[in-house]
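Numbering (full-length UniProt numbering), first residue to last: 1 to 173. Shown next, in structure tokens, is the structure this report addresses.
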């Protein structure tokens, strides 16, 4: 089965560096096949047997190799393709980012988040993704990854539409 692994908060400055060549070597060393990465933000695709412990194995190996915890969000190739095509139509008139949620969100917490005023941003949760408009740019988000994480109580990592589409295309090659 093909999986996509998203590393949270790596290569965002001088700290938490995870070179993609090192990531590919690490994943290959774990016995994963056909390992590929996309840009420096911690996106990897690979073949592996389905295993409920896979995320934990990846996180343990990353922490051992790089010396700091690296949360990982996993999606299967069909889940990723679905995420790449499931942005609600009413958000498509602006640039959108996708917040990938590590675990399913509690509907009550999603409802509570709806009570926050994050205007001019608009957002929608679809499955384990939160699609969000970025009218004032990613650096000025009122509904940042940290806010989403605290409000929903699940780990979050964000990718822009271009990255989501490029990784989806990579799965087909």
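Every residue gets a Cβ at the ideal spot worked out from N, C-alpha and C, and that includes glycine. All values derive from a computational prediction rather than experimental measurement.
Kindly indicate the opening and closing residues of the beta strand (DSSP E) around residue 44. Its beta strand (DSSP E) spans residues 43-47.
If you draw a straight line from the alpha carbon of residue 15 to that of residue 136, how long is it in whole angstroms? Here the alpha carbon of residue 15 sits roughly 26 Å from the alpha carbon of residue 136.
Taking Cβ positions, are residue 100 and residue 6 nearer each other than 8 Å? With respect to residue 6, residue 100 sits close: the two C-beta atoms are nearer than 8 Å.
Would you report the Cα separation of residue 124 and residue 146, rounded to the nearest angstrom? Between the C-alpha atoms of residue 124 and residue 146 there is a straight-line separation of about 17 Å.
Does the segment 125-144 come within contact of the segment 88-99, defined as at least 3 CB pairs closer than 8 Å? The segment 125-144 is in contact with the segment 88-99.
Pull up the distance between the alpha-carbon of residue 46 and that of residue 116, whole angstroms please. Between residue 46 and residue 116, the C-alpha separation is close to 38 Å.
Just verifying my parser: in three-state terms, what is the DSSP assignment at residue 134? Coil.
Among 157, 56, 33, which one has its Cα closest to the Cα of residue 42? The shortest Cα separation from residue 42 among 157, 56, 33 belongs to 157.
Status (buried if at least 16 other CB within 10 Å, exposed otherwise) for residue 53: By the 10 Å Cβ count, residue 53 comes out exposed.
What distance in whole Å lies between the Cβ atoms of residue 70 and residue 8, which are believed to be in contact at a cut-off of 8 Å? Beta-carbon to beta-carbon, residue 8 and residue 70 are separated by about 7 Å, close enough to satisfy the 8 Å threshold.
Let's test the definition: count the other Cβ atoms within 10 Å of the Cβ of residue 119 and tell me whether it reaches 16, buried, or not, exposed. Exposed, since its Cβ has fewer than 16 Cβ neighbours within 10 Å.
Where does the unbroken beta strand (DSSP E) through residue 22 begin, and where does it stop? Note, residue 22: premise wrong, no beta strand (DSSP E); alpha helix (DSSP H) at 20-29.
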